[in-house]
Amino acid sequence: MTPVISATALGRRYRDQVALNDVSLAIQPGTVTGLLGRNGAGKTTLMRIVTGLEFPTSGAIRVFGEAPAENESVLRRMVFVREDQAYPDLRVTHVIRVASWFYPNWNGDLARQLLADFDLPLGRRIRKLSRGMRSAVGIVIGLAARAELTLFDEPYAGLDAVARQLFYDRLLADFAEHPRTVVLSTHLIDEVADLLEHVVMLDRGRVVLDAPADDVRGTAMTVSGPATAVEEFVAGRPVWRRQRLGARAAVTVAGPLDLTEQARARALHLRLEPLSLQQLLVHAAGSPADEKVSA
Amino acid sequence: MPPLDEGTPLFVQIAEQLADDIVDGVLAEGARAPSANELAAFYRINPATAAKGINVLVDEAVLEKRRGIGMFVASGAREQLRAGRRKRFAEQYLDPMLAEAKRLGIDTDTLVSLIRGSGWHNGGDTP
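Chains A and B supply the protein sequences, listed in that same order.
Using the working numbering, the first residue of the first sequence is number 12, and each one after it goes up by one.
Using the working numbering, the first residue of the second sequence is number 71, and each one after it goes up by one.
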């Protein structure tokens, strides 16, 4: 399959700062990809380059096989919802109408449904909306556009947990009925983990992880119990993190454990706990390998 | 919604929960199985992941595809799943129980009487 987004050795430098460094990746059609990383990792810069708002200083970007910048035929196939998106100071209903002229796959019924779901006051001016309501307007546009490539960059500033769940549910439901390519940048990793088919992690402008979400799950386990038994069990495995509390130890090791190894752990009275996606990514972003809690 | 745990790949968990429903008879043989989109909405997971879970059971011939209608529970699926689980019963349930019993100093006789449901709570002296 031809990737929807393909980046080759992409670099972006601002004066003395490197925002993206040798980023190569391919986003496949019909997938939901999580673009994860800390603030300042380069997520927004990458999305701005994909949507033609910015040029790379080196490397190449292709979207639907073409360079996106100032390329109308590519740009009209995508929608980009940014954190704290600015809108002209119109009434909500007018902003939605203007948006409907932009996007060829716009669905008015879905837009109306979402406006009601998020309880948005149609007659109110954008400037009078709360931050969360403005985010909701962006989400309505991003979903109702039904663009072949849908990019959300931390789209939920000011939205509470209930509204965020509503966003995830509506995204999933509409994606299921109308498959498209979705890239969602977020630092609320555990909230979106199950929605993702693919995970790309940026750290300080570099790709540190690019894998199917299913492969990422269970790639590390924390083994805890009596220190001697833990050490016996983890011997020979790559250790990510080691903690001790008196006679107890908790060691995070790489690699999934098969059934035999799990049975062996039980026999040694060890607790096994897989790392969540969030914990895995914290590790990928570089955490101290050896931490000791003295007792 | 049943909780999904972190370590096992999601699609494996989807397959296991569908299999549970078939073993329990909640999903009868010949009944239509939930679609990938229905599972995705219910568990709040990616539809592709749900489809992968369904395909695990299709590969095991527990579910069968009827073109244009959906997935259905194959005849004989329940017994097939039960037979498979019986084979793994000792490893999955007995071994951990025996390990814990040993740790606590519960001997085999006590264990057997526990299983028979004799009056452990009352001091374990009834037959």
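Note that beta-carbon positions come from the ideal geometry of N, C-alpha and C, so glycine has one too.
Interface partners of residue i on chain A, CB under 8 Å
i, result
"B:Asn125", "The contacting residues do not exist; B:Asn125 stays about 13 Å from chain A at best."
"B:Pro104", "By Cβ distance, chain A contributes nothing, its closest Cβ being about 12 Å from B:Pro104, past 8 Å."
Where residue i meets chain B, residues with beta-carbon distance less than 7 Å
i, result
"A:Phe178", "Going along chain B, no residue has its Cβ under 7 Å from A:Phe178, so there is no contact; the nearest lies around 12 Å."
"A:His280", "Arg173"
"A:Glu208", "Asn116, Ala118, Thr119"
"A:Ala184", "Ala111"
"A:Val43", "Asn116"
"A:Asp378", "For chain A, the structure presents residues 12 to 306; residue 378 of chain A sits outside this window and is missing."
Status (buried if at least 16 other CB within 10 Å, exposed otherwise) for residue i
i, result
"B:Asn116", "buried"
"A:Val173", "exposed"
"A:Thr230", "buried"
"A:Ser235", "buried"
"B:Ala85", "buried"
"A:Ala25", "Note that residue 25 of chain A corresponds to Tyr in the displayed sequence, not to Ala. Its Cβ having fewer than 16 others within 10 Å, A:Tyr25 is exposed."
"A:Ser146", "buried"
"A:Glu208", "buried"
"B:Met71", "The pLDDT assigned to B:Met71 is 38, lower than 50, so where the model puts this residue is not dependable, and the model offers no usable value."
"B:Ala101", "exposed"
"A:Pro299", "Unreliable placement is indicated for A:Pro299, whose pLDDT of 44 sits below 50; no coordinate value is reported for it."
"B:Pro73", "The pLDDT assigned to B:Pro73 is 43, lower than 50, so where the model puts this residue is not dependable; a value taken from the coordinates is nonetheless given after this. B:Pro73 should be labelled exposed."
"A:Glu165", "buried"
"B:Ala201", "The shown model of chain B, from 71 to 197, leaves out residue 201 of chain B, and the question about it has no answer."
"A:Leu256", "exposed"
"B:Pro197", "Bear in mind that the predicted position of B:Pro197 carries a pLDDT of just 43, short of 50, making it unreliable; the figure below should be weighed with that in mind. Exposed, since its Cβ has fewer than 16 Cβ neighbours within 10 Å."
"A:Asp225", "buried"
"B:Gly194", "Per-residue confidence for B:Gly194 stands at a pLDDT of 47, beneath the threshold of 50, marking its modelled position as unreliable; the derived number appears in the next sentence. Exposed is the call here."
"A:Ala258", "exposed"
"B:Ala160", "exposed"
Nearest-angstrom beta carbon gap, residue j and residue i [assumed within contact, 8 Å]
i, j, result
"A:Ala110", "A:Ala156", "7 Å"
"A:Leu126", "A:Ile152", "Actually they are not in contact, since the Cβ atoms of A:Leu126 and A:Ile152 sit about 10 Å apart, beyond 8 Å."
"B:Arg152", "B:Val93", "6 Å"
"A:Leu46", "A:Ile200", "Not a contact, Cβ separation roughly 11 Å."
"A:Ala295", "A:Met212", "5 Å"
"A:Val264", "A:Val245", "5 Å"
"A:Arg135", "A:Arg102", "6 Å"
Inter-residue Cα distance where the pair is residue i and residue j
i, j, result
"B:Thr199", "A:Arg277", "Residue coverage of chain B in this structure runs from 71 to 197, which leaves residue 199 of chain B outside it and unanswerable."
"A:Leu195", "A:Arg123", "23 Å"
"A:Thr192", "A:Pro14", "10 Å"
"A:Leu57", "A:Ala204", "21 Å"
"B:Tyr163", "B:Arg173", "16 Å"
"A:Thr197", "B:Ile124", "29 Å"
"A:Phe75", "B:Lys135", "33 Å"
"A:Gln39", "A:Met12", "7 Å"
"A:Ala238", "A:Pro285", "19 Å"
"A:Ala71", "A:Ala78", "8 Å"
"A:Ile137", "A:Val262", "51 Å"
"A:Met144", "A:Trp117", "21 Å"
"B:Ser145", "B:Thr78", "28 Å"
"A:Asp185", "B:Ala110", "11 Å"
"B:Phe112", "B:Ala106", "10 Å"
"A:Gly169", "A:Asn50", "17 Å"
"A:Gln176", "A:Leu182", "10 Å"
"B:Glu99", "A:Asp128", "38 Å"
"A:Glu302", "A:Glu202", "Low per-residue confidence applies at A:Glu302: pLDDT is 41, beneath 50, and the placement is therefore not dependable, though the value from the model is reported in the following sentence. So the alpha carbons of these two residues sit roughly 27 Å apart."
"A:Ala30", "A:Arg275", "46 Å"
"B:Val96", "A:Gln290", "36 Å"
"A:Gly119", "A:Trp112", "11 Å"
"B:Val182", "B:Leu168", "11 Å"
"A:Val27", "A:Lys54", "First, the amino acid is wrong: residue 27 of chain A is Asp here, not Val. If you take the alpha carbons of A:Asp27 and A:Lys54, they lie about 18 Å apart."
"A:Ser305", "A:Arg252", "At A:Ser305, the pLDDT of 33 sits below 50, so the modelled position is not reliable and the matter cannot be decided from this model."
Within chain A, partners of residue i - CB distance below 7 Å
i, result
"B:Asp165", "Ala274"
"B:Ala169", "Arg277, Ala278"
According to DSSP, residues forming a beta bridge with residue i
i, result
"A:Thr233", "A:Thr263, A:Glu284"
"A:Lys139", "BP columns for A:Lys139 are empty, so no partner."
"A:Met144", "Note: A:Met144 sits in no beta bridge, so no partner."
"A:Ser196", "A:Leu46, A:Asp164"
"B:Met141", "B:Lys135"
"A:His209", "A:Thr44, A:Pro223"
"A:Ala71", "A:Thr19"
"A:Met89", "A:Leu160"
"A:Ile38", "A:Ile16"
"A:Glu272", "In the DSSP output, where bridge partners are listed per residue, A:Glu272 has none listed."
"A:Leu126", "Paired residue(s): none; A:Leu126 is not in a bridge."
"A:Asp214", "A:Arg217"
"A:Tyr25", "A:Gln28"
"A:Arg102", "A:Arg136"
"B:Glu86", "B:Glu86 pairs with nothing; no bridge assigned."
Contact list for residue i against chain A, beta-carbon separation under 9 Å
i, result
"B:Glu161", "Leu270, Ala274"
Per-residue contacts from residue i into chain B (C-beta, under 8 Å)
i, result
"A:Ala187", "Ala106, Asn107, Ala110, Ala111, Pro117"
Interface residues of chain B facing residue i [CB-CB closer than 9 Å]
i, result
"A:Asp205", "Leu74, Leu80, Tyr113, Arg114, Ile115, Asn116, Thr119"
"A:Asp225", "Pro79, Leu80, Phe81, Val82, Thr119, Lys122"
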